[in-house]
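This report concerns only the one structure given below.
Numbering (my numbering), first residue to last: 11 to 607.
Printed below as a string of structure tokens:
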């Protein structure tokens with residue numbers, strides 16, 4: 011497989027955030043003195059002494075990129091000794107996304123994780139976070155670095171800008187602020203984002219080719235549905251068209267069967283007219299791509315239809331020329347579908363074959379919608395389950411499945427309209443939707459299980475009664491209420507203490523400012539996530555973690571402020587009282603004058 015590049019300059023959606031732009035500096039030591047000692051530092055595994063060395067290094071050189079193959083000479087404080095440090099790994103300095111006034115240092119692995127058309131991908135070993143006391147704290151992070159190197163006004167620059175812009179629009183990548191570096195005419199872009207669990211879908215199919223089937227039919231159906239649902243949630247519901255869907259751009263986690271879409275370098279907003287442009291991967295690119303017509307959601311539907319066909323063992327397209335790929339896109343066949351896949355009926359084979367054909371029609375208007383594709387997969391999954399349900403129980407089972415699907419759709423609509431609005435009120439609305447659909451289902455374990463599986467709320471899996479599900483929802487809301495209430499209480503305390511601290515007490519003012527920033531940062535986390543029960547659990551955990559960091563400093567501040575308040579109270583006790591008046595002094599009386607006629 012190979013990718014072909016569109017030939018227009020990206021102009022419609024420039025990056026929305028100011029990048030950190032710092033030229034590379036020459037850090038090599040120019041002199042070699044007798045008292046210079048050479049040391050090698052592993053930033054991910056430092057002693058306290060090495061931690062102090064690295065802080066001196068960062069303060070002295072104050073640059074963006076710290077290559078591992080260079081020497082950095084530093085002067086130790088209050089000593090005649092100089093150190094010549096060499097890092098075991100490259101370090102990249104970037105702005106913090108949540109706290110723009112702070113920086114983070116990403117430690118980059120030397121292992122090449124992957125290489126695409128424009129970018130190289132490396133694992134991030136961890137992050138160094140500068141603390142208020144000056145130390146550097148190492149945090150293990152599941153992140154990757156995407157590295158672009160290009161000349162100005164080239165396709166590579168275009169791809170880097172689009173990857174940045176659209177990567178920041180999709181929540182699941184958790185993309186950080188970019189780092190741009192200039193080195194003469196050469197430009198470099200460093201993008202840090204979350205490392206998506208699993209591997210590219212192509213590795214699953216390669217393993218099946220070499221070792222036999224890894225997925226059962228039911229698992230294959232589940233993965234098929236996950237691919238379709240995730241495309242809807244992560245891409246199309248975000249007002250985007252991916253434009254380069256293929257096995258390599260779908261991350262698959264074998265344990266959970268979950269998938270995620272990556273690599274948004276060719277993406278566009280739905281309303282953008284890309285007529286005359288061309289991007290994608292042969293074998294997955296629809297006919298309109300070759301014809302340079304405007305692309306839309308159906309372009310992605312064609313590509314994902316090809317991915318699903320290959321998941322069900324259709325032969326991947328492989329030709330010698332673009333013309334042959336174009337002809338394949340006009341009239342694709344499913345010649346080897348279901349090869350070596352046992353355990354699926356002819357009826358369901360026919361349904362899947364028709365689905366894949368409808369998804370890969372040559373004309374955009376003739377392709378089925380994403381939701382109708384999901385409905386076909388759901389129908390097959392349900393029919394396979396009904397084979398093990400008694401005839402007199404099947405209607406109840408169908409009702410449970412249908413109500414689960416209705417709940418899923420209702421939640422998606424509500425949550426899509428309330429992105430970043432996770433509040434107790436909105437969570438109670440989610441619970442009310444849950445109760446309404448659940449009330450239509452018989453409270454029997456097998457029916458409750460089907461309801462939950464059809465709703466795609468993994469958080470409730472394993473619960474076998476309506477009461478347990480509602481209790482779980484109540485617990486989620488209660489815990490979220492508690493942590494947000496506690497956070498607001500801390501904020502009020504900070505505001506109250508701030509009014510009592512003297513303007514001359516610089517240290518306490520700094521601490522108040524630090525805690526106030528930490529609380530504001532924690533509140534900002536709530537607005538970053540879409541509304542859902544799953545995200546609420548994650549948010550609650552994150553907020554609680556931040557509160558645990560804030561509370562010890564808060565208690566110390568309250569204690570110090572209490573001592574100060576107590577001191578001033580004592581001063582008031584010893585304040586001289588005004589002299590008492592003489593006992594014979596008559597109090598002044600205001601007489602009311604009354605005229606009597």
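Glycine included, every Cβ here is placed at the ideal spot set by N, Cα and C.
Using the C-alpha atoms, what's the distance from residue j back to residue i?
i: residue 110; j: residue 187; result: 9 Å
i: residue 311; j: residue 490; result: 38 Å
i: residue 139; j: residue 116; result: 9 Å
i: residue 503; j: residue 185; result: 34 Å
i: residue 347; j: residue 290; result: 24 Å
i: residue 126; j: residue 479; result: 44 Å
i: residue 560; j: residue 373; result: 58 Å
i: residue 429; j: residue 204; result: 20 Å
i: residue 122; j: residue 155; result: 10 Å
i: residue 174; j: residue 160; result: 15 Å
i: residue 287; j: residue 317; result: 23 Å
i: residue 368; j: residue 273; result: 26 Å
i: residue 266; j: residue 233; result: 10 Å
i: residue 581; j: residue 514; result: Because residue 581 sits at a pLDDT of 45, beneath the cut-off of 50, its placement in the model cannot be relied upon, and the following sentence gives the value as read from the coordinates. Their Cα atoms are separated by approximately 19 Å.
i: residue 550; j: residue 493; result: 7 Å
i: residue 101; j: residue 163; result: 27 Å
i: residue 343; j: residue 208; result: 30 Å
i: residue 279; j: residue 538; result: 20 Å
i: residue 260; j: residue 321; result: 12 Å
i: residue 337; j: residue 269; result: 30 Å
i: residue 294; j: residue 152; result: 30 Å
i: residue 472; j: residue 482; result: 11 Å
i: residue 556; j: residue 304; result: 47 Å
i: residue 451; j: residue 332; result: 53 Å
i: residue 66; j: residue 536; result: 36 Å
i: residue 257; j: residue 530; result: 41 Å
i: residue 182; j: residue 552; result: 16 Å
i: residue 345; j: residue 325; result: 7 Å
i: residue 445; j: residue 281; result: 37 Å
i: residue 134; j: residue 120; result: 9 Å
The beta strand (DSSP E) spanning residue i covers which residue range?
i: residue 110; result: Residue 110 -> no beta strand (DSSP E), and no H or E assigned at all.
i: residue 207; result: First-last for residue 207: undefined, no H or E at that position.
i: residue 539; result: No beta strand (DSSP E) contains residue 539, which DSSP labels as neither H nor E.
i: residue 133; result: 129–140
i: residue 153; result: 153–161
i: residue 193; result: 189–193
i: residue 148; result: 146–149
Got a sec? Which residues, its chain only, sit under 8 Å from residue i by beta carbon, not counting five neighbours each side?
i: residue 524; result: 142, 563
i: residue 243; result: 422
i: residue 475; result: 453, 455, 458
i: residue 601; result: Reliability fails at residue 601, whose pLDDT of 37 lies under 50, so the model's placement of it is uncertain and the value that follows must be treated cautiously. There are no such residues.
Look at the Cβ atom of residue i, then the Cβ atom of residue j, and state whether they are nearer than 7 Å.
i: residue 323; j: residue 351; result: yes
i: residue 104; j: residue 51; result: no
i: residue 404; j: residue 396; result: yes
i: residue 248; j: residue 180; result: yes
i: residue 246; j: residue 307; result: yes
i: residue 418; j: residue 382; result: no
i: residue 486; j: residue 434; result: no
i: residue 366; j: residue 315; result: yes
i: residue 97; j: residue 49; result: no
i: residue 411; j: residue 477; result: no
i: residue 238; j: residue 384; result: yes
i: residue 339; j: residue 297; result: yes
i: residue 78; j: residue 58; result: no
What residue range does the alpha helix (DSSP H) around residue i cover?
i: residue 311; result: 307–321
i: residue 333; result: 332–340
i: residue 380; result: 380–396
i: residue 268; result: Counting along the chain, residue 268 falls outside any alpha helix (DSSP H), and DSSP gives it neither H nor E.
i: residue 509; result: 476–510
i: residue 466; result: No alpha helix (DSSP H) holds residue 466; DSSP gives it neither H nor E.
i: residue 363; result: 356–369
i: residue 297; result: 297–300
Identify, in the order they occur along the chain, each residue of the same chain with its Cβ nearer than 6 Å to the Cβ of residue i, setting aside the five sequence neighbours on each side.
i: residue 124; result: 131
i: residue 23; result: With a pLDDT of only 39 at residue 23, under the threshold of 50, the placement of this residue in the model should not be trusted, and no figure is reported.
i: residue 329; result: 335
i: residue 424; result: none
i: residue 528; result: 560
Closer than 7 Å by C-beta to residue i: which residues in its own chain qualify, once you throw out the five before and the five after it? Chain order, please.
i: residue 61; result: 145, 146
i: residue 150; result: 136
Contact criterion: CB-CB distance below 7 Å. Does residue i meet it with respect to chain D?
i: residue 192; result: No chain D is present in this structure, which holds just one protein chain.
Could you tell me which uninterrupted alpha helix (DSSP H) segments, each at least 4 residues in length, are contained entirely in the region 220–261, listed from first to last along the chain? The qualifying runs are 227–244.
Segments of 4+ residues assigned as alpha helix (DSSP H) that fall wholly inside the region 42–76: Runs of the alpha helix (DSSP H) lying entirely within the region 42–76, each at least 4 residues long, are 58–71 in chain order.
Which ranges does the alpha helix (DSSP H) cover as unbroken runs of at least 4 residues, wholly within the region 397–443, from first to last along the chain? Counting whole runs of 4 or more residues, the region 397–443 contains the alpha helix (DSSP H) stretches 404–426.
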